[in-house]
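Chains as they are written, first to last, in the working numbering: chain A, 25 to 374; chain B, 292 to 621. Don't be surprised by glycine CBs; every beta carbon is placed ideally from N, CA and C.
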């Protein structure tokens, strides 16, 4: 894999981690309110998938979407300002953490009703197919979203009409507090795509290079006109579901296992024999950022000093984003009404 | 040029004209293509425009309505047909959480030129799950517009206006009106989409209604004239927004208001109309605002009970007579 791609992905992963940790801090300070769903642990998914996409592709995301927006190129200040509910936020302060939008970057929104990203994605893809354009739609969703009716409805239509959609399941094993073995009869999510004859594979989401390569080839097949593709990417969130959730339903050893660099088989066998399976956990192994920076270092792409300098630059970027958000004014009710009627133009209704 | 057409034919012509004029207009739903639509509204369009623009869908209301939302976000002009309003309950997430909110939540970044057509109302013994009215639910959603064409002329105008608009619009069509005949002048300039129309002038009381019951109110008013009661009849033509000025002007003249609706009375469209006009026109009124609505009951299958559950010409006449006399010294 090319050095530049890897370094760019590392930068985005470090930015993602730093941005989210800062968001958590700003939440406890009271600068961010409402629901705040953070991404640490899952960085390799958004970064690997979106680095393999073209700027002309569309991205439809969930309520845990800050990092998808950042990787897509939405300026960190505009994302942070949106979390702060300010006028310069990427949704003008009307959307908040769960509803980031950026039309220019074809970032088609964060959706907070589980299972909404499928129909939006097939709608955009229908337009692309109707116009015979070489574009694709990347549709993100979690493992908890695959039991929603729209999953089955939309996969069926996508396959039926060969729509250019890449379905990306971010399988972090939990629908809020319910572990996948307790919410799904079939826990190998990718197998469900077979029911609609959509080619699907399961990818290690702790390895950004695997994610990148799998996405690249899936998008290539989509652009060849073969219809939708499906990736199940196994990942893990280090934090609770949202800032309101300490995540106490998860065995400490499980959380530790994903965060730890050391093999975990033994300790798991002693404590929680089959839940989740030890092989499963050890296959995923460790923090995805450590994994990537270790690789980059071993390949001689960047020295430890260079990585450290990158971290400092990112710390400045995040600090500037917070300052940008703090300096942005509150939106007015006039702004809100303008957003509501933004599509009315000169139309006379009465 | 004016001609006599059925209401479905007016809708069909409107679809054809708009699809011809703009290749971003496309339509889809259950049986709209090969079959031509349950009420024939999309007849012949499949042959003319092909499968990408006239698409039969699986029975998946939630996702195909959401498909319309996604397509509208990139500037296409989808016209979704939901076979009946009753099935739209499965599509409410797409309509309420997505179509109505995306332009707002995105800070005004995305267009939403989405039209969702849904036949509804009480037809002929279709039983409780196929006889619903949903206007009360949809009216309570900021960001949605609702039109209720009752004549072929309005059907022609309002469907075309809805397709041309960049806002999400619901067309509530009444199942008993598709085969009703009326004049259609395709050359006549359209009036604004949500302007109310005075169907009949009167001095003694105002009947405000929409969709099929506005036609029943009109018939009732014509008959009441023989009894010496002159009722003014207003067809709202839409339920969001509502043309309050036309209503208030009428009450300034008649001083009495009877709201007529087919939907259940409790928390329905009529409640909003009555409350707003009572607030606005209180000092113009000579009697309390009255509502004549459908009974608060799921629609019975039995034909006699079904008929008794919604306003009829004679029940409207009775309610109007009572209101005309209320507070008048004998």
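(message) Assuming contact is defined by CB atoms lying nearer than 9 Å, are residue 283 of chain A and residue 254 of chain A in contact in what I supplied?
(response) Their beta carbons are not under 9 Å apart, which means residue 283 of chain A does not touch residue 254 of chain A by this criterion.
(request) Quick one: grab the DSSP three-state call for residue 543 of chain B. (result) Residue 543 of chain B: helix per DSSP, three-state reduction.
(request) Quick one: residues in its chain with C-beta nearer than 6 Å to the C-beta of residue 54 of chain A, no 5 flanking neighbours on either side, listed in chain order? (result) There are no such residues.
(message) Bridge partners for residue 317 of chain B per DSSP, in chain order?
(response) DSSP output for residue 317 of chain B lists B:369 as bridge partner(s).
(request) Sort A:168, A:151, A:158 by Cα distance to residue 137 of chain A and report the nearest one. (result) Distances from the alpha-carbon of residue 137 of chain A to those of A:168, A:151, A:158 put A:168 closest.
(message) So, at 8 Å on beta carbons, what are the nonlocal neighbours of residue 576 of chain B in its own chain, with the 5 sequence-adjacent residues on each side left out?
(response) Only 542, 546, 547, 548, 569 meet the Cβ criterion.
(request) Put residue 328 of chain A into one of helix, strand or coil per three-state DSSP. (result) Taken through DSSP and simplified to helix, strand or coil, residue 328 of chain A comes out as helix.
(message) Here's a check: name, in chain order, each residue in its chain whose Cβ is nearer than 8 Å to the Cβ of residue 470 of chain B, leaving out the five neighbours to either side.
(response) Taking C-beta separations shorter than 8 Å and ignoring five residues to either side along the sequence, the partners of residue 470 of chain B in its chain run 297, 298, 299, following chain order.
(message) Helix, strand or coil for residue 31 of chain A? Go by DSSP, reduced to three states.
(response) If DSSP states are grouped into helix, strand and coil, residue 31 of chain A belongs with the helices.
(request) Could you check the C-alpha separation between residue 379 of chain B and residue 459 of chain B for me, to the nearest Å? (result) Rounded to whole angstroms, residue 379 of chain B and residue 459 of chain B show a C-alpha spacing of 15 Å.
(message) Which runs of the beta strand (DSSP E) at least 3 residues long sit entirely within the region 430-493 of chain B? Give them in chain order.
(response) If we require 3 residues or more, the beta strand (DSSP E) runs fully inside the region 430-493 of chain B come out as 436-438, 460-465, 472-476, 488-491.
(request) Count the CB pairs spanning the region 149-156 of chain A and the region 101-121 of chain A that are closer than 8 Å, and state whether there are at least three. (result) Judged by Cβ distances under 8 Å, the region 149-156 of chain A makes no contact with the region 101-121 of chain A, as fewer than three pairs qualify.
(request) Using a Cβ-Cβ cut-off of 9 Å, state whether residue 132 of chain A counts as contacting chain B. (result) True, the Cβ-Cβ gap to chain B drops below 9 Å.
(message) Check whether the region 361-371 of chain B and the region 312-319 of chain B are in contact - that is, three or more C-beta pairs closer than 8 Å.
(response) Counting Cβ pairs under 8 Å, three or more are found: they touch.
(request) Tell me, please, whether the CB atom of residue 56 of chain A is closer than 9 Å to any CB atom in chain B? (result) No, because no Cβ of chain B sits closer than 9 Å to the Cβ of residue 56 of chain A.
(request) Run down chain B in chain order and give the residues with a C-beta less than 9 Å from the C-beta of residue 368 of chain A. (result) The contacting residues are 456, 457, 458.
(request) Return the residue from the list B:363, B:616, B:353 that minimises the CA-CA distance to residue 178 of chain A. (result) Looking only at B:363, B:616, B:353, the smallest Cα-Cα distance to residue 178 of chain A is reached by B:353.
(message) Would the region 272-279 of chain A count as touching the region 178-188 of chain A if we require 3 or more Cβ pairs under 8 Å?
(response) With contact defined as three or more Cβ pairs closer than 8 Å, the region 272-279 of chain A and the region 178-188 of chain A are not in contact.
(message) Rounding to the nearest angstrom, what Cα-Cα distance links residue 552 of chain B and residue 438 of chain B in this structure?
(response) So the alpha carbons of these two residues sit roughly 15 Å apart.
(request) Taking 9 Å as the cut-off, decide whether the C-beta atoms of residue 356 of chain B and residue 391 of chain B are in contact. (result) No, they are not a contact pair.
(message) At a CB distance below 9 Å, what residues from the region 351-370 of chain B approach chain A? Give them in sequence order.
(response) Residues 351, 352, 353, 354, 355, 356, 357, 358, 359, 360, 361, 362, 363, 364, 365, 366, 367, 369.
(message) Going by beta-carbon coordinates alone, are residue 344 of chain A and residue 64 of chain A separated by less than 9 Å?
(response) No, these two residues do not count as a Cβ contact at 9 Å.
(request) Please work out which residues of its chain come closer than 6 Å, Cβ to Cβ, to residue 286 of chain A, disregarding the five sequence neighbours upstream and downstream, and give them in chain order. (result) Residue placement at residue 286 of chain A is poorly supported in this model, since its pLDDT is 37, which falls under 50; the coordinates still yield a value, given next. Closer than 6 Å at Cβ, skipping near neighbours: no residue.
(request) Please list the segments of the alpha helix (DSSP H) lying wholly inside the region 88-117 of chain A, counting only runs of 4 or more residues, in order along the chain. (result) For the region 88-117 of chain A, whole alpha helix (DSSP H) runs of length 4 or above, ordered along the chain, are 90-96, 100-107.
(message) Going by DSSP in three states, residue 75 of chain A sits in which element: helix, strand or coil?
(response) In the three-state DSSP reduction, residue 75 of chain A falls in the helix class (H, G or I).
(request) Determine, using beta-carbon pairs with one atom in the region 415-426 of chain B and one in the region 578-598 of chain B, whether at least three such pairs fall under 8 Å. (result) Yes, they touch.
(request) Using a Cβ cut-off of 7 Å, pull out every chain B residue sitting near residue 90 of chain A, in sequence order please. (result) Within chain B, no residue comes near residue 90 of chain A; the closest Cβ sits about 15 Å away, beyond 7 Å.
(request) Mind checking which residues open and close the alpha helix (DSSP H) that includes residue 173 of chain A? (result) Its alpha helix (DSSP H) spans residues 173-184.
(request) For residue 343 of chain B, go through chain A and note every residue whose CB falls closer than 7 Å to its CB, in chain order. (result) Near residue 343 of chain B (Cβ distances below 7 Å), the residues of chain A are 154.
(request) Compute every distance between the C-beta of residue 133 of chain A and the non-hydrogen atoms of the ligand ZN, then say whether any falls below 8 Å. (result) Among the ligands in the structure shown, none appear at all, so the ligand ZN cannot be discussed.
(message) Give me, in chain order, the residues of the same chain whose beta-carbon lies closer than 8 Å to that of residue 491 of chain B; leave out the 5 immediate sequence neighbours on both sides.
(response) For residue 491 of chain B, where only same-chain residues beyond five positions count, the Cβ hits under 8 Å are 509, 512, 513, 522, 523, 524.
(request) Kindly indicate the opening and closing residues of the alpha helix (DSSP H) around residue 312 of chain A. (result) For residue 312 of chain A, the enclosing alpha helix (DSSP H) starts and ends at 312-322.
(message) I need the DSSP call for residue 263 of chain A, collapsed to helix, strand or coil.
(response) Residue state, collapsed to three classes: coil.
(request) Assign residue 347 of chain B to one of three DSSP states: helix, strand, or coil. (result) Note: residue 347 of chain B maps to strand in three-state DSSP.
(message) Taking the alpha carbon of residue 34 of chain A as the reference point, which residue from A:49, A:354, A:71 has its own alpha carbon closest?
(response) When only C-alpha atoms are compared, the closest one is A:71.
(request) Can you check DSSP and say which residues form a bridge with residue 512 of chain B? (result) Answer is none; residue 512 of chain B lacks a bridge partner.
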